[in-house]
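Residue numbers (numbering that gives the first Met the number 0), protein chains in the order written: chain A, 0 to 338; chain B, 0 to 435.
Virtual Cβ for every residue (Gly too), placed ideally from N, Cα, C.
Please read all numbers here as calculations on a predicted model, not as lab measurements.
A short worksheet on the structure shown next.
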Amino acid sequence: MPQTVTYRQALHDTLRAELLRDDDVLLIGEEIGVFEGSYKITAGLLDEFGPRRIRDTPICEEGFTGAAVGAAMLGLRPVVEIMTINFSLLAIDQIINHAAKMHAMFGGQVSVPMVIRTPGGGGQQLAATHSQNLEVFYAHVPGLKVLAPSTPADAKGLLASAVRDDDPVIFLENLALYNTKGEVPDGDHTVPIGTAAVTKPGRDVTIVAYSRAAVIALDVARRLEEEGISAEVVDLRSLRPLDRPTVCASVRRTGRAIVLEDDWLSYGIGAEIAATVQEGAFDHLDAPVRRVAAAEVPLPYAKSLERAALPDAAALTRTVHDVLEATGFPLEPLPSERG
Amino acid sequence: MPEILMPRLSDTMEEGTLGRWLKHEGEQIHKGDVIAEIETDKAVMELEAYDEGPLTRTLVPEGTTVPIGTPVAVIGEPTAPPPEPAPAPAQPQPQPQPQPTDTSAESAAPPATSAEPSRPAAAPRVPTPAAPTRVASSPLARRLARHHGIDIASLTGSGPGGRVVRADVDAAVDQGDAHPAPRPAAGAPSTAAPAAAKPPVGPVAEADEAVEVPLTTVRRLTAQRLTDSAQQAPHFYLTTIIDAQPLLAFRADLNTRLGDRGPRISVNDLIIKACATALRDHPEMNASWDDTRILRHRRIHIGIAVALDDGLTVPVIHDADRTTLTDIAHEARGLTEKARNGHLTLDDLTGGTFTISNLGPYGIDHFTAVINPPQAAILAVGTAHPQPVVRDGELAAGTVMALTLSVDHRVLDGATGALFLADLRELLEQPLRVVV
């Protein structure tokens, strides 16, 4: 029986299962042991597995990430928790210059089978330095795999695949998702890295998204259905490798594409998707690919401003309407416009 | 809206001068009308129209030289108003009256077509450069328009800035009148849902008068290689008429004597063997052009052109000069069969040093062949047919056959080819020499 659990619980259960499955798996990071993790993902694990496998560290992201790279090179499978993606900037040399490159630079003699779990995203009133989406920094780098699940089931399936993968994997969580619920398959469940999911089929427009944005996209697509608009949602799940065929196949069906992302607009994942669609489905496009993204500002602290800066369901809905109207789609007037 | 292009009137022509317009803007053009005189490097030729309609515009003033393929004039459609893309009933003639209530997209749309009234011929007119109308359109709309054979320029776009989008193409397909000509009956416009307007599967009807045949690899390669050959190798042609009577008699006699002991010898087999023998005496003919060098081949490998359904292939009889006539007959038959079944191996197809193309079996009297590059020559063989001949000063009934040698002038000159052809003729007129 699939169980309905939170995203947080799915991550916890998967880490525990992987620790039980493979003695080489260990967790390392700030406050993951005694304090049970800033977001309580690692609750109870220190008691169960002991300090050899659940390693609390000082506040030194570069140090413990580097230690994990070394441990991985010697055959262990460390899962690093970096408290927020904002702090991963302090470890970026270890991630980009070492973890990502070892395998290639040593001619395949070593691998770096490690996972870096790190939450990000805005909307929690944590202000500019604690509310970022830096995934594109990592998705840009060959040698890294970058995952961003949006559902508890994918969180479980992708985390299990990440732990078992022989390459370094950046596993992006989103603070806004931790309490979301969903059905999770029982037992051992993996999702192949590099595969996107069509979470809702549709005819008229393709919405591409990932992480929190994929949840919004699905919600918007369901509501558009009531207006007679059939939107297809592609949840990327994996930002690198990117499942270009699934994206292009969807756009070939619908002829219209919109990307929704929490990240800033310029140079973002949306730009990559737009280029991918242009290269792979040009003759099927009836309108330019549109991007819906965060305002290009450091995310404000004030709640109203923060809300205004982040993309939301309304912004996506407006863009869907724009694209469809520009291509002669017979739209029903909105309930608000009916007077 | 057909454009008339500067035609290629000779192999060497790269540009042409528009000498004189014989028709003027606004004049009605019929198929076959001569509309202008074109001066090439060699002669003044007439430019014929292949389309009907008023001469909407001349694009090149008299005396101007333009590259081949450049549009020189536009012929409008006989009945002109562009179709209304909207599902509303089509108005007879959209008048450019200011309509403030109209959608901005519509009014922002560029003037779509040629519904330009004809101008008096006498009016002096500044020549317009041949700029094709730029129509904003989505890639999907362009693709669908191509599939349905609709000129995208004939549509008015409803998208932002007048961009033609899928809906406009679908509407035109639904109306069924976006076409310059009636659609084929099978594809009669459906009154059902727009979903019926799906692009056809398989060979795509590009327009009403043509069906696109997908290119096979063989056809594409044939096209490319022969284009290269025709463009790059300076061909010259030598023709000789031989008395084919002895050859035919010899063949008949040979086949009777051979009986069941071997394959029947064909005229072509005898020609292959004769060519191989003649090439041994004329090694300079057994050559190819290699970019900047001439390669003279020591071995004689004769290619035989075989027509396939989807192209042309040239299997090779290797060392034909050292192969007996019966072996040549055997091999030629095998290769032809393999070619028709698509079973030729790379080995069968490579290494040829000289090619024979025989259209005799098709009843062709005489033709010239395009050289099979990089070889230096190809022999075109016509049919043997009865014809009055003069023998010893007397008119008599004879059987003659035309042999035409196409030669790459980069490699060989006329006299060399002529000597080879003379020897070949002698061999074939005294066919016993072919087998010794």
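| Query | Result |
| --- | --- |
| Segment contact flag, the region 76-95 of chain A with the region 11-29 of chain A, C-beta cutoff 8 Å, min 3 pairs | yes |
| Candidates B/ASP268, B/ARG292, B/PHE353, of which the one nearest B/HIS281 by Cα | B/PHE353 |
| Test item: CB-CB of A/VAL291 and A/ILE257 under 8 Å | yes |
| DSSP state of B/THR349 mapped onto helix, strand, coil | coil |
| Short CB-CB distance (under 8 Å) between B/ASP167 and chain A | yes |
| Whole-angstrom C-beta distance between B/GLY15 and B/THR64, which should lie under 8 Å | 7 Å |
| Spatial distance of A/PRO167 from A/THR5 (CA atoms) | 26 Å |
| Best match in B/HIS234, B/ALA140, B/THR215 for proximity to A/ARG251 [C-alpha to C-alpha] | B/ALA140 |
| Any chain B beta carbon closer than 8 Å to A/ALA292 | no |
| Which listed residue (B/VAL369, B/PRO373, B/HIS365, B/ALA273) has its alpha carbon closest to that of B/ALA383 | B/HIS365 |
| Identity of the residues DSSP links to B/TYR236 by a beta bridge | B/SER405 |
| Contact list for B/ALA140 against chain A, beta-carbon separation under 7 Å | ASP285 |
| Residues in the region 385-412 of chain B having any Cβ partner in chain A nearer than 7 Å | none |
| Selected residue, minimal CA-CA separation from A/ILE40, among A/PRO57, A/LEU125, A/PHE86, A/LEU176 | A/LEU176 |
| Alpha carbon of A/ALA16 to alpha carbon of B/SER137, nearest angstrom | 51 Å |
| Chain B residues whose Cβ lies nearer than 8 Å to that of A/ASP282 | PRO138, LEU139, ARG141, ARG142 |
| Residue environment, B/VAL125, which counts as buried when at least 16 other CB atoms sit within 10 Å | Residue confidence is low: B/VAL125 scores 45 on pLDDT, short of 50, so the model does not pin down where it sits. No coordinate-derived value is stated. |
| Identity of the residues DSSP links to A/LYS180 by a beta bridge | A/THR5 |
| Contacts of A/THR346 in chain B (Cβ-Cβ under 8 Å) | Look at the range of chain A in this structure, 0 to 338, and you will see that residue 346 of chain A is not part of it. |
| Outcome for B/SER287 when other beta-carbon atoms lying within 10 angstroms are tallied against a minimum of 16 | buried |
| Span of the beta strand (DSSP E) around B/VAL389 | 384-390 |
| Three-state secondary structure (DSSP) of A/GLN93 | helix |
| Minimum C-alpha distance to A/ALA70 - residue among A/PRO191, A/HIS97, A/VAL319 | A/HIS97 |
| Option in B/ARG250, B/MET400, B/ARG7, B/TYR236 with minimal Cα separation from B/GLY440 | Because chain B here runs from 0 to 435, residue 440 of chain B falls outside it and cannot be looked at. |
| Beta-bridge pairing of B/ALA395 - partner residues as DSSP gives them | B/VAL388 |
| 9 Å Cβ cut-off: residues of chain B touching A/GLY201 | Going along chain B, no residue has its Cβ under 9 Å from A/GLY201, so there is no contact; the nearest lies around 16 Å. |
| Buried versus exposed call for A/ILE115 [16 or more other C-beta atoms within 10 Å across all chains shown] | buried |
| C-alpha gap between A/ASP21 and A/PRO50, whole angstroms | 16 Å |
| Three-state secondary structure (DSSP) of A/PRO118 | strand |
| Distance between beta carbons of A/PRO299 and A/ASP261, contact taken as under 8 Å | That pair is no contact at about 15 Å. |
| Reduced DSSP secondary structure (H/G/I, E/B, other) of A/LYS100 | coil |
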